[in-house]
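The block underneath contains the structure these notes are about, expressed in structure tokens.
Residue numbers (my numbering): 38 to 541.
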């Protein structure tokens, strides 16, 4: 029996008067691991929220169609809900169905698989003070304990360290219950998904297109690229043949029209022949129009984002960007590490890795404090929590504007267009945007400000697997210095030339 059925689902964005999803239908059974992919702002998180609880989207979207679920549904939100941030870890687990039914041995084994201490269940630390990765792990742990019949996961790989990512891959692959999830981690998608649900917005984000394919992610991308290449080749070949045909037809048409203009009125027989010729020409024109309407069309695909840092940005390899010594690295509660020495020269692309809670984000904040006020370099800082340096009440244009003059506003709107913002989205408050759209604003700001040093905390975490390669390519080609924290295996392998591991 199908566990989850979606029938002819349509979702309309009430404020933008834009259709996000049109006539989507699919069925999930045991063993199905369905990944939702698509560009930022295409409705992926909205779809998960609607399936879990329609009231979560009723203030900004309308929908029609059927959602049929059998059994209990577990849902991992993309961000920790504000009402839970003040709860202690123990208070949080007390709200989880089945927590008190599990034996100490079961709880211990489950926590260890997640790379967590068995004592974590009884911690008095509040959820809001945990690292991003620890937070995701604890919420995933709660879902495992509650044993739902359907799992909906919105960005489960965000902020997880590499051992936890490997655990997550095994968990998804070995799951018997249907899984519907969103992830921007291409490696995770390649290793886990057996169903792909692709949400697109074509024709400048005016027409939604939904594709459901029962295959793996890499196979889907290869099949899609091959189909698009074949369709493009056929469309161009048919168009070339049609253009030749039209050129020949126009010559015939012009000759008949010329003969009509010069024929003598004293030659009625010739006039009748020309009338027949013109009727034949008109018939030929209608046939060509009919054939043209039936020709293979160029494939309709969503325009990819465009981002490229100015080639004028450079950083001398002989310049010291950072020379940091810390006797001790501490957060609000404890010492995380000691005797840290970090020296970085211009042009290096550095990634700091380590397990969740090791202090990577804390260390990057300290580095930011040192570099942001330096007069000899221009530093851009993208924190893990975007709200740290982003006023969520502003519109994208207001956030990016420094002077407000006409040339600057033109440049801002050009950059927003290259990142595939619609005109309506540029007028929204930032709080209404998706995580990926917020991340794009940081990249645009760093580009407009001509930053020659970038401090990036999980820079690729909210970009779709289709945008990810574009972002990685831009950072690889960037001429300045990058100091980053990341667990994205493709980013680490393709962009970074030096890796530092932070541990105790």
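Backbone N, C-alpha and C fix where the C-beta goes; we use that ideal spot for every residue, glycine too. All of these numbers come straight from a predicted model, not from anything done at the bench.
Burial state of residue i, where buried means 16 or more other Cβ atoms lie within 10 Å
i: residue 533; result: buried
i: residue 419; result: buried
i: residue 447; result: exposed
i: residue 343; result: exposed
i: residue 181; result: buried
i: residue 221; result: buried
i: residue 372; result: exposed
i: residue 289; result: exposed
i: residue 407; result: exposed
i: residue 129; result: buried
i: residue 53; result: buried
i: residue 278; result: exposed
i: residue 237; result: buried
i: residue 46; result: buried
i: residue 429; result: exposed
i: residue 259; result: exposed
i: residue 541; result: exposed
i: residue 367; result: exposed
i: residue 235; result: buried
i: residue 298; result: exposed
i: residue 143; result: exposed
i: residue 75; result: buried
i: residue 364; result: exposed
i: residue 496; result: buried
i: residue 111; result: buried
i: residue 536; result: exposed
Residues that DSSP places opposite residue i in a beta bridge
i: residue 238; result: 245
i: residue 465; result: Paired residues: none, contrary to the question.
i: residue 143; result: DSSP lists no partner for residue 143.
i: residue 75; result: 236
i: residue 49; result: 56 and 99
i: residue 537; result: 389
i: residue 521; result: 388 and 493
i: residue 250; result: 233
i: residue 42; result: 64 and 105
i: residue 138; result: DSSP output for residue 138 lists no bridge partner at all.
i: residue 70; result: 216
i: residue 191; result: 219
i: residue 351; result: DSSP lists no partner for residue 351.
i: residue 357; result: 382
Supposed close pair residue i, residue j - CB separation, criterion 8 angstroms
i: residue 401; j: residue 377; result: Contact doesn't hold; Cβ gap of about 12 angstroms is too wide.
i: residue 539; j: residue 389; result: 6 angstroms
i: residue 520; j: residue 404; result: 6 angstroms
i: residue 67; j: residue 214; result: 7 angstroms
i: residue 109; j: residue 191; result: The pair is not a contact, with the Cβ atoms about 18 angstroms apart (cut-off 8 angstroms).
i: residue 58; j: residue 80; result: 5 angstroms
i: residue 437; j: residue 482; result: 6 angstroms
i: residue 207; j: residue 193; result: That pair is no contact at about 13 angstroms.
i: residue 100; j: residue 85; result: So it is not a contact: roughly 13 angstroms between Cβ atoms.
i: residue 346; j: residue 484; result: 6 angstroms
i: residue 494; j: residue 522; result: 5 angstroms
i: residue 398; j: residue 168; result: 6 angstroms
i: residue 246; j: residue 239; result: 6 angstroms
i: residue 293; j: residue 63; result: Actually they are not in contact, since the Cβ atoms of residue 293 and residue 63 sit about 56 angstroms apart, beyond 8 angstroms.
i: residue 229; j: residue 210; result: 6 angstroms
Proximal residues to residue i (C-beta, below 7 angstroms), its chain only, five neighbours per side dropped
i: residue 223; result: 502, 505 and 527
i: residue 464; result: 432
i: residue 172; result: 117 and 164
i: residue 97; result: 50, 51 and 52
i: residue 472; result: 115 and 499
i: residue 159; result: 127
i: residue 150; result: 204
i: residue 554; result: Not covered by the structure: residue 554. The range shown for the chain is 38 to 541.
Cβ neighbours of residue i in the same chain (closer than 8 angstroms, five flanking residues each side left out)
i: residue 488; result: 350, 415, 416, 417 and 517
i: residue 199; result: 390, 524 and 526
i: residue 148; result: 154, 155, 157, 158 and 178
Other residues of its chain near residue i: CB distance less than 6 angstroms, five sequence neighbours each side excluded
i: residue 474; result: 77 and 78
i: residue 449; result: 434 and 437
i: residue 459; result: 242
i: residue 219; result: 73, 81, 191 and 192
i: residue 383; result: 352, 353, 354, 356, 358 and 518
i: residue 217; result: 71 and 189
i: residue 393; result: 168, 170, 171 and 198
Uninterrupted beta strand (DSSP E) stretches inside the stretch 414-441 (no shorter than 3 residues): 416-419
Check your understanding: Curious, which full-length alpha helix (DSSP H) runs of at least 4 residues does the stretch 440-505 contain?
Key -> 443-455, 460-464 and 472-485
Problem - alpha helix (DSSP H) runs wholly inside the stretch 144-184, at least 4 long, in chain order - result: With a minimum length of 4 residues, the continuous alpha helix (DSSP H) runs that stay inside the stretch 144-184 are 169-183.
Any chance you could list the beta strand (DSSP E) runs of at least 3 consecutive residues sitting entirely within the stretch 359-389, in chain order? 372-382
* **Completely contained beta strand (DSSP E) runs for the stretch 99-133, where each covers 3 or more residues** => 110-113
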